[in-house]
Each structure stands twice: as C-alpha cells, then as structure tokens.
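Below is one structure, written out as structure tokens; comments come after it.
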Amino acid sequence: MDGPEQDDRRGRGRQEGTAVRRPRPDADPALSSDPSAPSDERPSTAPTPPARPLTYVPFTHHPLRRVPQLFVGLALYGFSLSLMVRASLGVNPWSVLYEGLERHTSLSFGTISAVVGVAVLLLWIPLRQRPRFGTFANIVVLACSSDLGLSLIPQQLGLPVRWALLAGGVLLNGFSVAVYVGARFGPGPRDGLMTGGSAATGRSIRFIRTLMEIAVLALGWLLGGTVGAGTVLYALAVGPITQFFVPWFAYRDRRAQVADDTPSAVHSDC
1 MDGPEQDDRR GRGRQEGTAV RRPRPDADPA LSSDPSAPSD ERPSTAPTPP ARPLTYVPFT
61 HHPLRRVPQL FVGLALYGFS LSLMVRASLG VNPWSVLYEG LERHTSLSFG TISAVVGVAV
121 LLLWIPLRQR PRFGTFANIV VLACSSDLGL SLIPQQLGLP VRWALLAGGV LLNGFSVAVY
181 VGARFGPGPR DGLMTGGSAA TGRSIRFIRT LMEIAVLALG WLLGGTVGAG TVLYALAVGP
241 ITQFFVPWFA YRDRRAQVAD DTPSAVHSDC
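Numbering follows the working numbering, with no gaps: position 58 of the sequence shown is 58.
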C-alpha cells in the first residue's frame, strides 16, 4: 500500500500542512518585512516618548533637587502677580479677588492671598483631600514674594511700561507654574479644591475650574478688583505658556511609578 502514489500524497500533505501552519505576516506585525507594504501597515519603529506625569511624588525622592525648584517656582509666581498688579490693566481672577478684598481691609495683597489660601484649604476637609508639602509652601511663599514684588515695583507708571509689565508678568507666570508644578510636591489649595470638587460631584475638572474662576472673578469685580485686557490676555496665554515649559521642568524618576491619588493640575493656583 506504500506505493509511489501514496508517497506523493504524503508529500503533498506535508507541504499543505506546512503551508497552513505557517504564521501569516499580518497576524504578527513584527514578522512583516515586506518593503512594498503601505507605510501605515508596517510596524512603527519610532520610540514612544516617555510620559511626564505631574502627580505627587514623595518628599524623599531627590529633595535636594526638587525643593529648590519648588521654592524658586513659587517665588517667581508671586513676583509675576505683582507685575500684573502694578500694570493696572487687569489680573487673573484670584488676584481680582485679592485686590477687591484689599480695598475693604487693612491687609496687604500677599496677606490676603494667604488668608484666602487657608480658607480654601478648610474646604478640603469635606472633600477628603490631603494637603502636601507643596500645599503649605504655596500659601507661605506666594504671600511673601507677591508683597515683596509690590514693594519693589513703583506705582503710577506710563502706559508703555505698564503694557511691558503685563506681558512680562503673564510670561513669567506661565513659566513659574511649570517650574513649581513640575517639582511634583502636591497641589496648591485652589487646585486641590478643583480636583476634590470634581471627584465629589462627578463633573469634569474643566467644568469645576471654569465655575470656580467665574465665581471668583465676579466676586472680586463686585469688591472693586481690576478687570481689563490683562484678564483676557492671562486667560488666553498662560495655559499655552505653561504647557510649553512643563516638559523642561517635570521631575521624572523611575522610583516614582506609583502615583498619588491627588493629581496636580497644570493650572495657575492663585
């Protein structure tokens, strides 16, 4: 029974079986090496850029590198606020509130920012938010640096100088946000209120942030705070400026793979 015809059938069967079991190139992209295949079907060899998260990183991770970055960023942020205030062409919503409260109290601009920061921090309690090192540093450093800037920059300046102060203040503000947020020591009081409010209500962070900014701006305006072209310029420009600088300053460490449950949003926190 094992004649030539039987051997031929067995040979064809082995060849057909081999053909059936051969892996198809489209089943595993790594096996495809056909240069004539369309570019969108060939596997991409470009490396995936590393992620740059901004969530909280424990204090013990390179503190000698991160702590100075945090304090420099916060100091520059406070100084940028004083530049925009002295420009008198409009400031960000929280500074509008500080200016309005300053008109009705004997407290300085920086002191009011600290008082408001503590008051906002109390709202974290029902939201079950946890303050971090960066949260308290935010309150103290911003208050001191903004008051220092206001004491150094003269008032009653000409219009060209005021526009220069406004442009410089907005640019410095976006830059400083990237610096201190990139240190990843936790959110400031207002950012924590935003993320906590989003978690508690189920609404998006964008919605909660927008609602907060509108409410603060309206209250500050009613109290006599300055609203103007600078307010619009800040709203339009600070986000792109911050996003541009964040990759330069975002702290990255392989040991910090486990992110904290409190994200630090890339937004100005005053």
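Ideal Cβ placement from N, Cα and C applies to all residues, glycine included. All of these numbers come straight from a predicted model, not from anything done at the bench.
Which residue wins for smallest C-alpha separation from residue i, given the options the options?
i, options, result
"ILE125", "PRO189, ILE112, GLY230", "PRO189"
"LEU171", "PHE109, GLN155, LEU236, GLN156", "LEU236"
"LEU157", "MET84, THR231, VAL238", "MET84"
"PRO131", "ALA229, ARG184, SER82", "ARG184"
"GLY78", "LEU211, VAL116, SER176", "SER176"
"PHE133", "PHE71, GLY239, VAL227, THR242", "PHE71"
Could you tell me whether any Cβ in chain D is nearer than 9 Å to the Cβ of residue i?
i, result
"PRO131", "Absence of chain D from the displayed structure is noted, only one protein chain being present."
To the nearest angstrom, report how far apart residue i and residue j are at their CA atoms.
i, j, result
"GLN129", "LEU193", "8 Å"
"LEU89", "LEU122", "32 Å"
"TYR180", "ALA119", "22 Å"
"LEU159", "LEU166", "10 Å"
"THR55", "VAL67", "16 Å"
"PHE109", "VAL232", "21 Å"
"ILE205", "SER146", "27 Å"
"ILE214", "PHE245", "26 Å"
"VAL116", "VAL140", "12 Å"
Leaving out five residues before and five after residue i in sequence, what residues of the same chain have Cβ atoms less than 7 Å from its Cβ?
i, result
"GLY220", "PRO93, VAL96, LEU97, GLU99, GLY100"
"TYR251", "VAL57, ARG66, GLY182, ALA183, ARG184"
"PRO229", "The question names Pro, but residue 229 in the sequence shown is Ala. So the list reads LEU89, GLY90, once near-sequence residues are dropped."
"THR226", "SER88, GLY90, VAL91, VAL96, GLU99"
"GLY168", "LEU83"
So, at 6 Å on beta carbons, what are the nonlocal neighbours of residue i in its own chain, with the 5 sequence-adjacent residues on each side left out?
i, result
"ILE208", "MET194, GLY197, SER198"
"LEU217", "PRO93, VAL96"
Could you check where the alpha helix (DSSP H) with residue i kicks off and where it finishes?
i, result
"ARG132", "Careful: ARG132 lies outside any alpha helix (DSSP H) and carries neither H nor E."
"THR55", "Careful: THR55 lies outside any alpha helix (DSSP H) and carries neither H nor E."
"THR201", "189-201"
"TYR180", "159-182"
"PRO154", "From DSSP, PRO154 is part of no alpha helix (DSSP H); its letter is neither H nor E."
Whose C-beta lies closer than 8 Å to the C-beta of residue i among residues of the same chain, with five residues either side of it excluded?
i, result
"ARG162", "ARG86, ALA87, SER88, LEU89"
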